[in-house]
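With the sequence shown counted from 1, adding 560 to any position gets you the numbering used here.
Have a look at the structure below, then the notes.
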Amino acid sequence: MSFNIRLGKQKDMQSVLDLITELAVFEKEPDAVEITVEDLINDGFSANPKFKVFVAEQESKIIGIALFYERFSTWKGRTIHLEDLIVTKEKQKIGAGKALYTAVLKYAYDNNYNRVAWEVIDWNTNAIEFYKSTGATYLSDWSVVQMNKENLAKFIENN
Numbered sequence: 561m562s563f564n565i566r567l568g569k570q571k572d573m574q575s576v577l578d579l580i581t582e583l584a585v586f587e588k589e590p591d592a593v594e595i596t597v598e599d600l601i602n603d604g605f606s607a608n609p610k611f612k613v614f615v616a617e618q619e620s621k622i623i624g625i626a627l628f629y630e631r632f633s634t635w636k637g638r639t640i641h642l643e644d645l646i647v648t649k650e651k652q653k654i655g656a657g658k659a660l661y662t663a664v665l666k667y668a669y670d671n672n673y674n675r676v677a678w679e680v681i682d683w684n685t686n687a688i689e690f691y692k693s694t695g696a697t698y699l700s701d702w703s704v705v706q707m708n709k710e711n712l713a714k715f716i717e718n719n
């Protein structure tokens, strides 16, 4: 089973959204996805794109994605954040996930970034073990903190 890895295009965004939704279901948050295809097109393909996405394509069908963006670390400087890495369930175990992961790491290396970082849900032991096997450091003593739009509004209104 061959597939190819390439940068995503505007025409791929419905497939990208479908995979993002599939990941949300896998992570037991099926109703969490709020973005639209239009959001992905506007935010990914504007004059100042907010993200890049590699896609794994097999027989003209998108079977996986790795969506990432640049951020800045006060300790390390220019870094990349790997937001989502997913291969559709029926195409897992063919190497597409590792190829997408490798594409992001190669992009970071080729463009002189100092670090690539991402989150992994604590019960996804397969992913954790894979990342560790590639030399990634699993930081079990750090926790993710988020402020959603509703709570952000409440905070600002009260402060």
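Note that beta-carbon positions come from the ideal geometry of N, C-alpha and C, so glycine has one too.
Just so we're clear, the structure is a prediction, and the values are computed from it rather than from any experiment.
When C-alpha distances from Y629 are compared across V676, A687 and N708, the shortest belongs to V676. Annotation for L642: the continuous beta strand (DSSP E) segment containing it runs G637 to V647. DSSP places F628 in the strand class (E or B) of the three-state scheme. In the DSSP assignment, K588 falls outside any beta strand (DSSP E), carrying neither H nor E.
As computed with DSSP, L567 is found in a beta bridge with F614. Pairing A584 with V576 gives a Cβ-Cβ distance that is not under 9 Å. In the displayed model, K621 falls within a strand according to three-state DSSP. Straight across, the Cα-Cα distance linking N718 with I595 is about 27 Å. Nearest neighbour of E617 by Cα position, chosen from N564, A713, N686 and Q574, turns out to be N564.
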